[in-house]
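Trainee:
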Amino acid sequence: MTEYSVEVKDLTKRFGDFVAVDRASFSVKRGEIFGFLGPNGAGKSTTIRMLCGILTPTEGTGSVSGFDIMDEQDRIKNIIGYMSQRFSLYDDLTVRENLEFFGSVYGLQGARLRERMAYVMKMADIGRRQDAVVKSLPGGVKQRLALGGAILHDPPVLFLDEPTSGVDPVMRRTFWEIIYDFSRNGKTIFVTTHYMDEAEHCDRMALIIAGKIIALDTPSALKAALPYSVWSLRVERFIEVFEEVAALPFVEEAAIFGSDIHIMTKKGFPLKRELAGAFKVKGIKGFSIEEVGATLEDVFVSHAARLGV
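Structure representation (structure tokens):
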């Protein structure tokens with residue numbers, strides 16, 4: 010048995026002249042939390058749908074748990090869990106009825122179905138709402154139910170397409186605790202996100218822009234490989250000052266980071282001294298600057314800038 014749950018080579022998907030996924034190649038180890046990080050429209054969801062057997066690739070090869078994504082799509086659908094961006098359960102059924110229906114779709118019945126439903130209700134903390142009609146539930150509870158439906162049949166590979174989009178920070182933390190628990194039990198998790206802080210939780214991750222994978226490694230390795238020093242500038246009127254900073258010749262890249270400005274320069278460059286001089290000329294006062302560790306957002310900005318995105 011291969012050590013990889015997912016293997017992909019030159020995966021491509023075209024819709025007419027539009028290339029949604031462009032020759033993507035990667036492997037996901039068993040039990041790994043593997044992340045796809047990129048903006049909306051980058052090709053994350055299209056990639057997941059090809060791996061789940063929902064879309065047929067235009068070109069390339071790949072497998073999920075040893076099943077070919079071109080020729081064995083139905084077999085793949087039976088052994089994976091998939092949580093889409095869009096809520097996909099039935100609003101007019103109760104929580105219990107939804108789980109019973111999806112359990113039957115996956116061939117669960119009798120004691121096994123009751124056992125899995127009890128596990129899901131406890132895991133997702135929805136047991137006390139089991140008789141509630143789904144359309145009456147808050148958004149966060151619906152998300153937990155959708156996750157429960159995806160893992161009801163105990164799949165070895167779980168695909169989560171932006172599972173925490175639109176939920177509050179507390180709920181996001183709860184979701185990641187559940188994901189960690191799955192991984193500890195040997196499940197493979199493939200998760201897409203556009204939240205930089207969430208990507209830090211992945212064992213490995215791929216950065217994707219305009220359908221192309223532009224970098225792939227562990228979060229710590231991606232940050233360590235950044236060829237720049239990163240500085241955090243705090244200044245009044247930071248949005249106005251940002252334009253001035255970005256135009257300075259010694260600034261490689263600049264991005265707004267909360268209420269600060271992150272600046273990238275060549276390693277060893279004396280930014281404090283040079284910036285103080287430039288600000289004096291421009292009449293900018295009352296600022297502080299310090300060198301900081303790179304974030305995944307810095308890494309993403311750097312790669313995107315090189316591509317002209």
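Everything in the sequence shown is counted per our numbering, starting at 10 for the first residue and increasing by one. Where a beta carbon is used, it is the ideal one built from N, C-alpha and C, also for glycine.
Select from 29, 288 and 43 the residue whose C-alpha is nearest the C-alpha of residue 50.
Mentor: Here residue 50 refers to the residue found at position 41 of the sequence shown. The candidate whose alpha carbon is nearest that of residue 50 is 29.
Trainee: Taking contact to mean at least 3 C-beta pairs separated by less than 8 Å, is the segment 52-61 in contact with the segment 81-91?
Mentor: yes
Trainee: State the DSSP-derived secondary structure class of residue 221, mapped to helix, strand or coil.
Mentor: The count along the sequence shown starts at 1 and reaches residue 221 at position 212. In the structure shown, residue 221 sits in a strand (DSSP, three-state: E or B).
Trainee: Quick check for students: name the residue ranges of the beta strand (DSSP E) that lie wholly in the segment 145-206, counting only runs of 3 or more.
Mentor: Whole beta strand (DSSP E) segments, 3+ residues: 166-170 and 197-202.
Trainee: Counting only runs of 3+ residues fully inside the segment 228-296, write out the beta strand (DSSP E) ranges in chain order.
Mentor: If one requires a minimum length of 3 residues, the beta strand (DSSP E) runs lying completely within the segment 228-296 are 237-244, 262-266 and 269-275, in chain order.
Trainee: Which residues mark the beginning and the end of the beta strand (DSSP E) in which residue 28 is found?
Mentor: Here residue 28 refers to the residue found at position 19 of the sequence shown. Residues 27-38.
Trainee: If contact is defined by three or more beta carbon pairs under 8 Å, each pair taking one atom from either stretch, is the segment 193-206 in contact with the segment 235-243?
Mentor: no
Trainee: Would residue 247 pass as a contact of residue 283 if the rule is Cβ separation under 7 Å?
Mentor: Translated into positions along the sequence shown, residue 247 becomes position 238. Translated into positions along the sequence shown, residue 283 becomes position 274. No, the pair does not count as a contact, with Cβ atoms beyond the cut-off.
Trainee: Thinking C-beta only, is residue 149 closer than 7 Å to residue 180?
Mentor: Taking the first residue of the sequence shown as 1, we reach residue 180 at position 171. Taking the first residue of the sequence shown as 1, we reach residue 149 at position 140. Here residue 180 is near residue 149, since their CB atoms are less than 7 Å apart.
Trainee: Taking the Cβ atom as the reference point for each residue, do residue 105 and residue 133 lie within a distance shorter than 7 Å?
Mentor: Residue 105 sits at position 96 when you count from the first residue of the sequence shown. Residue 133 sits at position 124 when you count from the first residue of the sequence shown. Going by C-beta atoms, residue 105 is not nearer than 7 Å to residue 133.
Trainee: For the beta strand (DSSP E) holding residue 62, just list the boundary residues, first then last.
Mentor: As a position in the sequence shown, residue 62 is number 53, starting the count at 1. It is not in any beta strand (DSSP E) - residue 62 carries neither H nor E in the DSSP assignment.
Trainee: Return the CA-CA distance between residue 73 and residue 273, expressed in angstroms with no decimal places.
Mentor: The sequence position of residue 73 within the sequence shown is 64, counting from 1. The sequence position of residue 273 within the sequence shown is 264, counting from 1. So the two alpha carbons sit approximately 39 Å from each other.
Trainee: Mind checking whether residue 90 and residue 159 have CB atoms under 7 Å apart?
Mentor: Within the sequence shown, residue 90 is the residue found at index 81, counting from 1. Within the sequence shown, residue 159 is the residue found at index 150, counting from 1. Yes; because the gap between Cβ atoms is below 7 Å, this pair is in contact.
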